[in-house]
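Here is the structure we will look at.
There are 2 protein chains.
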Amino acid sequence: MDSEASLRNERKRGSGVKVVYDILRDEILDLELPPGSPIDEVQLSERFGMSRTPIREALVRLAGEGLIDTLPNRSTMVSQIDFLNMHSYFDALVLMYRVTTQLAARYHRPEDLEGVRALQADFADAVEAQDALAMISTNAALHLAIAEAGRNPYFTGLFSRLLNEGRRLLRLYYQSYNDRLPRRFVEEHDEIIAAIETRDTELAERLAREHAEQIVAQIQKLLMRGDRLDVSL
Amino acid sequence: MDSEASLRNERKRGSGVKVVYDILRDEILDLELPPGSPIDEVQLSERFGMSRTPIREALVRLAGEGLIDTLPNRSTMVSQIDFLNMHSYFDALVLMYRVTTQLAARYHRPEDLEGVRALQADFADAVEAQDALAMISTNAALHLAIAEAGRNPYFTGLFSRLLNEGRRLLRLYYQSYNDRLPRRFVEEHDEIIAAIETRDTELAERLAREHAEQIVAQIQKLLMRGDRLDVSL
DNA sequence: TGCATAATTCTTGTCGACAAAATATATACA
DNA sequence: TGTATATATTTTGTCGACAAGAATTATGCA
Chain A
1 MDSEASLRNE RKRGSGVKVV YDILRDEILD LELPPGSPID EVQLSERFGM
51 SRTPIREALV RLAGEGLIDT LPNRSTMVSQ IDFLNMHSYF DALVLMYRVT
101 TQLAARYHRP EDLEGVRALQ ADFADAVEAQ DALAMISTNA ALHLAIAEAG
151 RNPYFTGLFS RLLNEGRRLL RLYYQSYNDR LPRRFVEEHD EIIAAIETRD
201 TELAERLARE HAEQIVAQIQ KLLMRGDRLD VSL
Chain B
1 MDSEASLRNE RKRGSGVKVV YDILRDEILD LELPPGSPID EVQLSERFGM
51 SRTPIREALV RLAGEGLIDT LPNRSTMVSQ IDFLNMHSYF DALVLMYRVT
101 TQLAARYHRP EDLEGVRALQ ADFADAVEAQ DALAMISTNA ALHLAIAEAG
151 RNPYFTGLFS RLLNEGRRLL RLYYQSYNDR LPRRFVEEHD EIIAAIETRD
201 TELAERLARE HAEQIVAQIQ KLLMRGDRLD VSL
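Same order as they appear, the protein sequences are chains A and B. 1 is the number of the first residue of the first sequence in full-length UniProt numbering; add one for each residue after it. 1 is the number of the first residue of the second sequence in full-length UniProt numbering; add one for each residue after it.
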């Protein structure tokens, strides 16, 4: 348990908050810290072997991204997944898929596509291996790389946040995620990348929309089945 | 200057960071702290009469929203306005105008429009009074109220951030902003509100787009004229 | 026993201090 | 005089401590 605390003295000055932030962020997105988990500052400070000050700064950052909720003067906990307003999430997700892909078709440079193709290969591997967790993260990385080729930091920022939310959401269901459908996603990705390469903005946008709607429909189907893990609303 | 510091003892526990955050945020958006201004923690702690700890947490929040840039172990300063990638900003702004207005037409409740109309009246007053600063802020408040009637926090959040950026940007030019054109904006607002009320999503979206493009063209014209204040790129 | 109040424990927000980086200044040497 | 090294100063990141609120437990009273 003190594998992290033992880094106490070999840590570079100023890296403290970033370490805590990165680790907690991953644990939240991977549901190792499920929604509603209490966040105890002193416990964290013991775990990471540092004082509460850098811990707190990391928590402020996490709160800024909506990953934790802080009640003033009272406890702070991992934020809930809002199943009631899910359509807001899907609307935003689909729109960001569309617009980032379209902008990528317009503004990408050839060298951008190398990275994108590498990530698409990773995604294909994950699908082939039926590794749902890897699928989730490689899919997010792929689409984020496409978004970055579109070179609009405002859209990329929101999209990144939405994909993270999705990572948390999908993690809820990843057991039921290994049917044959994802294989279609690989082909869809290939078509999207081709449309980007030929700078066909209209086609890229349309394919991205269809792709996004596929994904949303898939998630909604999972949501409807109600075989989700026991996590409070 | 110690009018803020004198609140030392009458301040409620926990309100410190919020006070500092709000004040600094306003000062940055109003260009009282122009881009590039150095942020000195000890100076702020003296000014607000509190220790550096709450100051720092406020700065972390500001950095999270991109309003200040923090070089590790080195100085932190008010973030620059990125004139080179302005088109990214305009793209995002126009899209958020469109989508939030469209969603408002779909999802608003009648009582939402009361608030919207009140803010539109404020905007009309500001235009009538040729008060450019008030125009900027009332216009932002109006469109944000419309966005909130659309009930998608992801879009509202991004839009809010963009409108803030715009507030900072327009503040650069507000002297040259008092020609006759804004009067058209009042009428356009009225049309948009009417379209929302009749739940004509398509019309609302189209009007919002035209409105946004008007505004963007107006800003770009100001940018091109080059008569901007002396602020470093 | 049930409920309201008081005492106690825990957690959070803030503070002052200190040490590591970085910056500025001074000194040495060519 | 100019450059390089050493010293001093400033600024930032972190720490341990403490006090205010909230949560919890204990106590008193009907």
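We put the beta carbon where it would ideally sit given N, CA and C, even for glycine.
As computed with DSSP, B/MET77 is found in a beta bridge with B/PRO38 and B/ASP69.
Within its own chain, the residues whose Cβ lies closer than 6 Å to the Cβ of A/LEU31, once the five positions on either side in sequence are excluded, are ARG171, listed in chain order. Shown here for A/GLU210: same chain residues with a beta carbon closer than 8 Å to its own, the five before and five after excluded, namely GLU188 in chain order.
For the set A/SER51, A/LEU162, A/THR101 and A/LYS12, the Cα lying nearest the Cα of A/MET86 is the one of A/LEU162. In chain order, THR53 and ARG56 make up the part of chain B whose C-beta sits under 9 Å from the C-beta of A/THR53.
The beta carbons of B/THR156 and B/ALA145 sit no closer together than 8 Å. Close partners of A/GLY14 in chain B (Cβ separation under 9 Å): PRO72 and ASN73.
Under a 10 Å Cβ-count criterion, B/GLY166 is classified as buried, with 16 or more other Cβ atoms of the shown protein chains found around its own Cβ. Counting C-beta pairs closer than 8 Å gives fewer than three between the stretch 113-130 of chain B and the stretch 200-217 of chain B, which falls short of the contact rule. With a cutoff of 8 Å on beta-carbon distance, A/ALA105 and A/ALA212 are scored as not near each other.
Considered as a whole, the stretch 161-219 of chain B harbours 182-197 as its complete alpha helix (DSSP H) runs of no fewer than 4 residues, in chain order. Counting of Cβ neighbours within 10 angstroms places B/ARG151 among the buried residues, the total reaching 16 or more. Taking every protein chain shown into account, the CB of B/GLU57 has 16 or more other CB atoms within 10 angstroms, so this residue is buried.
Going by DSSP, B/GLN120 is part of the alpha helix (DSSP H) stretching over 110-128. Within the stretch 79-92 of chain A, ASN85, SER88, TYR89, ASP91 and ALA92 place their CB atoms closer than 8 Å to a CB of chain B, listed in sequence order. When secondary structure is reduced to three states using DSSP, A/LEU84 falls in the coil class, being assigned neither helix nor strand. Annotated as proximal: B/PRO38 and B/MET77, with beta-carbon spacing under 8 Å.
Within chain B, TYR154 have C-beta atoms less than 7 Å from the C-beta of A/LEU162, given in sequence order. Residue contact with chain B for A/GLY64: present (Cβ-Cβ distance below 8 Å to some residue of chain B).
The beta carbon of A/LEU44 sits no closer than 8 Å to any beta carbon of chain B. Chain-order list of chain A residues neighbouring B/LEU95: VAL99, by C-beta distance under 7 Å.
The continuous alpha helix (DSSP H) containing B/MET135 extends over residues 132-150.
Between the alpha carbons of B/ALA149 and B/GLU202 lies a distance of about 16 Å. Straight-line spacing of the CA atoms in B/ASN164 and B/ILE68 works out to 13 Å. In this structure, B/THR101 lies away from B/PHE159, with their beta-carbon atoms at least 8 Å apart. For A/LEU158, the nearest beta carbon of chain B is closer than 8 Å to its own beta carbon.
Contact note: A/VAL19 does not reach chain B at a C-beta cutoff of 9 Å; the least C-beta distance is about 13 Å. Assignment of B/SER51 by DSSP, reduced to helix, strand and coil, places it in the coil class. Contact with chain A is found for B/ARG61, since one of that chain's Cβ atoms lies less than 8 Å from the residue's Cβ. For B/ARG151, the chain A residues whose Cβ falls inside 8 Å of its Cβ are ASN85 and SER88, in order along the chain. Cβ neighbours of B/MET50 within its own chain (closer than 6 Å, five residues either side excluded): GLY16. Taking 8 Å as the upper bound for CB-CB distance, B/PRO182 and B/MET135 are in contact here, some 6 Å apart. In this structure, B/ARG168 and B/LEU29 form a Cβ contact; the two beta carbons are roughly 5 Å apart against a cut-off of 8 Å. For B/SER45, the secondary structure class from DSSP, reduced to helix, strand or coil, is helix.
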